[in-house]
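K.L.:
So that we are looking at the same thing, I have put the structure below in structure tokens.
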Amino acid sequence: MFVFSLAACEESSEEDWFRDQVIVGIEPGAGIMAATEQAIEEYNLDFRLDATSDPVMVAELAEAIANEEWIVITGWEPHYKFADFDLKFLEDPLGIFGDVENIHTVARADIRDDLPEVATFFENFYLNSEELGDLMGLIEEHRSEMDYVDIARMWMEDNVEVYTAWLPENHDGNGALVRLDYVNWAEGIAMNYLAEAILTDELNYTVVSTEGDPGVVFTAVASGDSDFFIDAWLPVTHESYMEQYGDDLIDLGYNFEGARIGLVVPSYMPIDSIEDLLREE
Ligand code: PBE
Numbered sequence: 006m007f008v009f010s011l012a013a014c015e016e017s018s019e020e021d022w023f024r025d026q027v028i029v030g031i032e033p034g035a036g037i038m039a040a041t042e043q044a045i046e047e048y049n050l051d052f053r054l055d056a057t058s059d060p061v062m063v064a065e066l067a068e069a070i071a072n073e074e075w076i077v078i079t080g081w082e083p084h085y086k087f088a089d090f091d092l093k094f095l096e097d098p099l100g101i102f103g104d105v106e107n108i109h110t111v112a113r114a115d116i117r118d119d120l121p122e123v124a125t126f127f128e129n130f131y132l133n134s135e136e137l138g139d140l141m142g143l144i145e146e147h148r149s150e151m152d153y154v155d156i157a158r159m160w161m162e163d164n165v166e167v168y169t170a171w172l173p174e175n176h177d178g179n180g181a182l183v184r185l186d187y188v189n190w191a192e193g194i195a196m197n198y199l200a201e202a203i204l205t206d207e208l209n210y211t212v213v214s215t216e217g218d219p220g221v222v223f224t225a226v227a228s229g230d231s232d233f234f235i236d237a238w239l240p241v242t243h244e245s246y247m248e249q250y251g252d253d254l255i256d257l258g259y260n261f262e263g264a265r266i267g268l269v270v271p272s273y274m275p276i277d278s279i280e281d282l283l284r285e286e
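The sequence shown begins at 6 in our numbering and counts up by one.
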């Protein structure tokens, strides 16, 4: 473990400290934003939380790392930033960000009345960390020149046994409409477009995917304006949305295990805990 020596601290404090006392965040409706506001309060941090988006946050992270500056972001795993950069979660002795959780697929409550096989497909839909990591890696590599669905098809070619195990047997969707909503978060985009590719190519559905802010997406699914959301983090991060919509949403179970949120910094920063963000003047 790193020992924060006073000498090291004094020598490096001015140049190595943060340019601004800012935590680079994402969309205001994200669970991690509420948790970070709570952390600022409970740890008594002299930091402001900036709302941006996942891609903007990653761009700021890349820039800080290129300049070897200090930066703190609202981070989560699974996410491709951990494959691209050397990063660490800051310890959270007060436990504000919760423990590991799972990513669930949620649907409008009456989904089994008209799309029972698609509900079954999503109950089976599950990726381990290597499978999701490969998919996010392909997206990052090809997103500038290819559609997400076509990138997902590349993943399908290499993972036939994985996704065929999710398919209801001998089923034809006959072109029926399936509406998927997603938020602009790397893991959710990856899973959403993989589902779109499989439902289209293997089960003959017509899939419409729509991006929205987290609050809008939960409302759309709960009210029946959309069918599925594949990136619900439970039991903690999206708990308030699940409570708010109660019986209007059903949980089709997890599609990924061992997800985590927290404050994340580049590994070269000589701090290990959220408490180390408290600078003694
Ligand atoms: N996230 C990614 C979401 C859940 C998925 C961690 C940014 C959130 O904080 O709401």
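Positions of the beta carbon are idealized from the N, C-alpha and C atoms, including for glycine.
Small disclaimer: the values here were computed from a predicted structure and weren't measured.
1. Taking buried to mean at least 16 other C-beta atoms within 10 Å of its own C-beta, is G229 buried or exposed?
2. Quick one: using the 10 Å Cβ neighbour count with 16 as the cut-off for buried, is D177 buried or exposed?
3. Which first and last residues belong to the beta strand (DSSP E) in which H109 is found?
4. Could you give the first and the last residue of the continuous beta strand (DSSP E) run that contains F94?
5. Report yes if the C-beta distance between A112 and F233 is below 7 Å; otherwise report no.
6. Among the residues of its own chain, which have a CB less than 7 Å from the CB of W190, if the five just before and after it don't count?
7. Is it right to say A195 is buried, meaning 16 or more other beta carbons lie within 10 angstroms of its own, or is it exposed?
8. Assuming Y210 and V123 form a contact by the criterion Cβ under 8 Å, report the distance between their Cβ atoms to the nearest whole angstrom.
9. Can you give me the C-alpha to C-alpha distance between Y131 and F261, rounded to a whole angstrom?
10. For the putative contact between F223 and Y250, defined by C-beta atoms under 8 Å, what is the C-beta separation to the nearest angstrom?
11. By alpha-carbon positions, which one of W81, S149, D89 ends up nearest to L95?
12. Tell me whether L204 sits in a helix, a strand or coil according to DSSP, three-state version.
13. Use the C-beta contact count for S272: other C-beta atoms within 10 angstroms, 16 or more gives buried, fewer gives exposed.
14. Considering L172, what are the terminal residues of the alpha helix (DSSP H) in which it resides?
15. Which term fits V8, buried or exposed, when burial requires 16 or more other beta carbons within 10 angstroms of its beta carbon?
16. Check the DSSP bridge columns for Y187 and list the partner residues they point to.
17. Any heavy atom of the ligand PBE closer than 6 Å to the CB of W81?
18. In terms of DSSP beta bridges, what is I266 paired with?
19. Determine, using beta carbons only, whether L199 and A157 come nearer to each other than 7 Å.
P.N.:
For this structure:
1. Reading the sequence shown from its first residue, position 224 is the one you call residue 229. Exposed is the call here.
2. Looking up residue 177 in the sequence shown gives position 172. That one is exposed.
3. For the purposes of this step, residue 109 is taken as residue 104 along the sequence shown, with counting starting at 1. 106 to 113 is the extent of the beta strand (DSSP E) around H109.
4. Here residue 94 refers to the residue found at position 89 of the sequence shown. Counting along the chain, the beta strand (DSSP E) containing F94 begins and ends at 92 to 94.
5. Along the sequence shown, one-based indexing puts residue 112 at 107. Along the sequence shown, one-based indexing puts residue 233 at 228. Their beta carbons are under 7 Å apart, which means A112 touches F233 by this criterion.
6. Numbered from 1 along the sequence shown, position 185 holds the residue referred to as residue 190. These residues qualify, in order along the chain: D59, D236.
7. Within the sequence shown, residue 195 is the residue found at index 190, counting from 1. So A195 counts as buried.
8. Taking the first residue of the sequence shown as 1, we reach residue 210 at position 205. Taking the first residue of the sequence shown as 1, we reach residue 123 at position 118. The Cβ separation is near 7 Å, so the contact holds.
9. As a first step, residue 131 is located in the sequence shown; it is residue number 126 there, counting from the start. As a first step, residue 261 is located in the sequence shown; it is residue number 256 there, counting from the start. Taking the straight line from one Cα to the other gives about 6 Å.
10. Sequence index remark: in the sequence shown, residue 223 carries index 218 (1-based). Sequence index remark: in the sequence shown, residue 250 carries index 245 (1-based). 6 Å between Cβ atoms; contact.
11. Position 90 of the sequence shown, counted from the first residue, corresponds to residue 95. With distances taken between Cα atoms, L95 lies closest to W81.
12. In the sequence shown, counting from the first residue as 1, residue 204 sits at position 199. In the structure shown, L204 sits in a helix (DSSP, three-state: H, G or I).
13. Locating residue 272 in the sequence shown gives position 267, counting from the first residue. With fewer than 16 other Cβ atoms within 10 Å, it is exposed.
14. Taking the sequence shown and counting its residues from 1, one reaches residue 172 at position 167. Careful: L172 lies outside any alpha helix (DSSP H) and carries neither H nor E.
15. Translated into positions along the sequence shown, residue 8 becomes position 3. Because V8 carries a pLDDT of 44, less than 50, the predicted location of this residue cannot be relied on, and the following value inherits that uncertainty. Exposed.
16. Locating residue 187 in the sequence shown gives position 182, where the first residue counts as 1. DSSP output for Y187 lists E216 as bridge partner(s).
17. The residue labelled residue 81 in the question sits at position 76 within the sequence shown. True, at least one ligand heavy atom lies under 6 Å from that Cβ.
18. Along the sequence shown, one-based indexing puts residue 266 at 261. Looking at the DSSP assignment, I266 forms a beta bridge with W81.
19. Taking the first residue of the sequence shown as 1, we reach residue 199 at position 194. Taking the first residue of the sequence shown as 1, we reach residue 157 at position 152. Yes, these two residues count as a Cβ contact at 7 Å.
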